[in-house]
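Letter 91 of the sequence shown, counting from 1, is numbered 114 in this note's numbering, and no numbers are missing.
Each residue gets a CB set at the ideal place from its N, CA and C atoms; glycine is no exception.
To start, the structure itself, in structure tokens.
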Amino acid sequence: MRRSVFAGPALALSLVLLGATAGHATPTTSKGQISVAQVLEMVDLAKSDPAARMTVIAYLAGVGETAGILLSEAQQRGATPMSCSKSFNLDETVVASALTAAVPDQAGWAETPATPIVVADLFKRAGCH
């Protein structure tokens, strides 16, 4: 399998865009990770703001592509093969639901990294084991 040269840059671009799209953009976590608050803010703004929509698309594409690459790399390096019964899919509605289910208290949104929650939900919904 060929490794995509776009996965890393797509995540970096989405991080930059998440911080730059809105004038009052929600900051990353104190450790510099994309926060639940950031993603949910962009998902909400995406309904009416084309730049926010592109930001959400870039973030989801980067997360999805990177998850697939990491899975393939792990298997190529001898990890126990993981199989999934469905294809990976991400959209803003599913991601917002996963984030709010994982962190129902808004007080935790600013310091909770979004990407690990999104990836775990992606694997769960794809029936990976």
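- Taking the Cα positions, T138 is about 22 Å away from A102.
- Collapsing the DSSP output to three states places P104 in coil.
- Put simply, of E134, G91 and A81 the residue whose alpha carbon is nearest the alpha carbon of T51 is E134.
- DSSP, reduced to helix, strand and coil, places S120 within a helical segment of the structure shown.
- The DSSP-derived three-state label of S58 is strand.
- Look at the beta carbons and you see the region 81 to 91 touching the region 138 to 152: at least three pairs across the two are nearer than 8 Å.
- A distance below 8 Å separates the beta carbons of S58 and P136.
- In terms of Cβ geometry, V62 and V118 form a close pair [threshold 8 Å].
- Cβ atoms of G150 and S108 come within 8 Å of each other, at about 3 Å.
- DSSP, reduced to helix, strand and coil, places P139 within a helical segment of the structure shown.
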